[in-house]
Amino acid sequence: MNQRLKTIDLARGASVFIMIIVHTLWMFATPDLQGSSLFGTVIHILGKGTASFLVAMGISMALSRRQAPWLLAKRGAQLLLLGYVMNAAKFWLPIEVFNTMPESFINAYGWQSPLNSEQLKFMLLTGDILQLAGVSLLLFAVLNIARWKTHWIATLAVAFALSSEFVRGSQFPLLPYVSDLFFANNYQVYFPVFPWISAILTGYVLGRIYQQKDEQYLYKVCAWLGGALLIVGAAWLTVDFKGQFGNFFHLNGGGISYLIGLNLCALALLQYLFGNKSSGPITRALLYASKHVTALYVIQWVLICWLMGVFGYHTLTLWPTLYLMVLVSLLTFAVHKLYLQSKRTTISVMQKTKRTA
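To get the working numbering, take the position in the sequence shown, counting from 1, and add 25.
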């Protein structure tokens with residue numbers, strides 16, 4: 026069986042381009058453009074595709090050959106470390122070394138320059154997708170040790186979603202930051218484990234279904250399960266929108282059910298419309314982005330934060346924002362190409378040194 030699912034790869038690749046334009050809008054566009062224009066509304070809607078990225082992550086975890094618990098734990102630790110290194114590059118360098126971070130960005134936290142050590146620590150410990158992925162991999166290492174069955178993992182996904190509103194803001198007395206990684210209701214951690222890991226677990230279950238059946242059956246499940254979750258989530262939001270979806274980053278059961286359902290339906294539709302028929306430069310670009318998603322994620326965030334020293338924070342109107350979206354996209358891929366080239370050169374030099382030693 027082919028372990029690669031092209032539609033999933035295309036969706037994950039598309040999410041890379043979407044995240045660049047969404048993050049560019051968030052950091053550079055004026056509040057009016059973000060909140061009071063059709064353009065801002067459309068970009069924010071595209072940003073709801075986060076669940077699709079997480080579902081794809083879960084599917085990839087299920088299909089990966091690296092299922093040994095120690096390998097999963099090692100990768101999880103690496104992603105956690107990378108997340109904090111990224112935070113240092115995003116925040117500490119432009120604030121403390123370059124002195125280029127706009128004061129308006131600092132003011133958005135309710136602070137003023139110069140920052141004290143606790144404020145810098147708060148920024149360095151910002152929890153993002155990489156922290157969520159790292160913690161999730163550590164959990165998957167435990168699940169693999171326990172040899173959990175597929176239906177148990179599906180039950181766990183439901184449990185994380187349904188319990189999120191009851192544990193939101195919970196604190197372990199001696200480990201407040203670890204508590205936030207799991208239950209945060211603040212903006213130090215944007216993607217807490219509860220409920221976002223439900224999307225990853227859903228993808229993991231779908232990956233196992235694909236291994237047991239075939240690609241056609243997988244996308245049927247995506248359509249039916251997505252439709253069911255969409256209906257349940259929409260009904261739940263109708264009753265309690267503010268409580269379930271009032272804060273995108275800290276969703277509860279209704280919000281995450283709706284998002285997972287919406288994105289599963291989108292994956293099924295993408296497969297129906299394109300399947301494995303699509304090819305050409307756009308497809309190659311999406312597959313490239315999918316293959317290098319982690320590195321591209323880090324690069325685009327660092328570039329955006331550094332470029333705030335040039336373009337400011339929440340300063341740009343429509344056309345400058347559009348131009349900057351294109352510029353950040355091009356720079357992200359250009360920097361990544363340079364990174365790959367330098368990596369290959371370094372490996373080549375090391376191999377030559379070994380042969381001559």
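All residues carry an ideal CB built from backbone N, CA and C; glycine is no exception.
- Under DSSP, Gly286 shares a beta bridge with no residue.
- Within its own chain, the residues whose Cβ lies closer than 7 Å to the Cβ of Trp117, once the five positions on either side in sequence are excluded, are Leu145, Leu149, listed in chain order.
- Spatial neighbours of Gly280 in its own chain (CB-CB distance under 6 Å, excluding positions within 5 residues in sequence) are listed in chain order as Gln269, Phe270.
- Non-local beta-carbon contacts of Ala209 in its own chain, meaning distances under 6 Å to residues more than five positions away in sequence, involve Pro217 in chain order.
- Inclusion of Tyr229 and Gly83 in the CB contact set at 7 Å is warranted, their separation being smaller than that value.
- In this structure, Gly152 lies away from Leu104, with their beta-carbon atoms at least 7 Å apart.
- Taking the Cα positions, Leu107 is about 19 Å away from Ser367.
- From the listed residues Tyr283, Glu240, Leu187, Gly232, the smallest Cα separation to Ala253 is found for Tyr283.
- Leaving aside the five residues that flank Ala54 on each side, the residues in its chain whose CB is nearer than 6 Å to its CB run, in chain order, Leu341, Thr346.
- Across the set Leu199, Gly194, Glu128, Ala76, the C-alpha of Ala76 shows the shortest separation from the C-alpha of Ile33.
- Per DSSP, Tyr235 is one residue of the alpha helix (DSSP H) stretching across 218 to 237.
- Look at Ala54 here: in three-state DSSP terms it is strand.
- The Cβ neighbour count for Val214, taken over all protein chains shown within 10 Å, is at least 16; the residue is labelled buried.
- Of the residues assessed, Ser85 falls on the buried side of the cut-off, its CB having 16 or more other CB atoms within 10 angstroms.
- In the DSSP annotation of this structure, Ala114 is not part of any alpha helix (DSSP H), being labelled neither H nor E.
- Taking 4 residues as the minimum length, the alpha helix (DSSP H) runs contained wholly in the segment 41 to 114 are 56 to 60, 63 to 71, 75 to 88, 94 to 112, in order along the chain.
- Here the C-alpha atom of Asn288 lies approximately 12 Å from the C-alpha atom of Arg37.
- In the same chain as Arg233, and ignoring 5 residues on each side of it, the C-beta atoms closer than 7 Å to its own belong to Ala87, Thr175, in chain order.
- As a beta-bridge residue in DSSP terms, Val214 pairs with Gly152.
- Contact holds between the segment 118 to 125 and the segment 324 to 342, because three or more Cβ pairs, one in each stretch, are under 8 Å apart.
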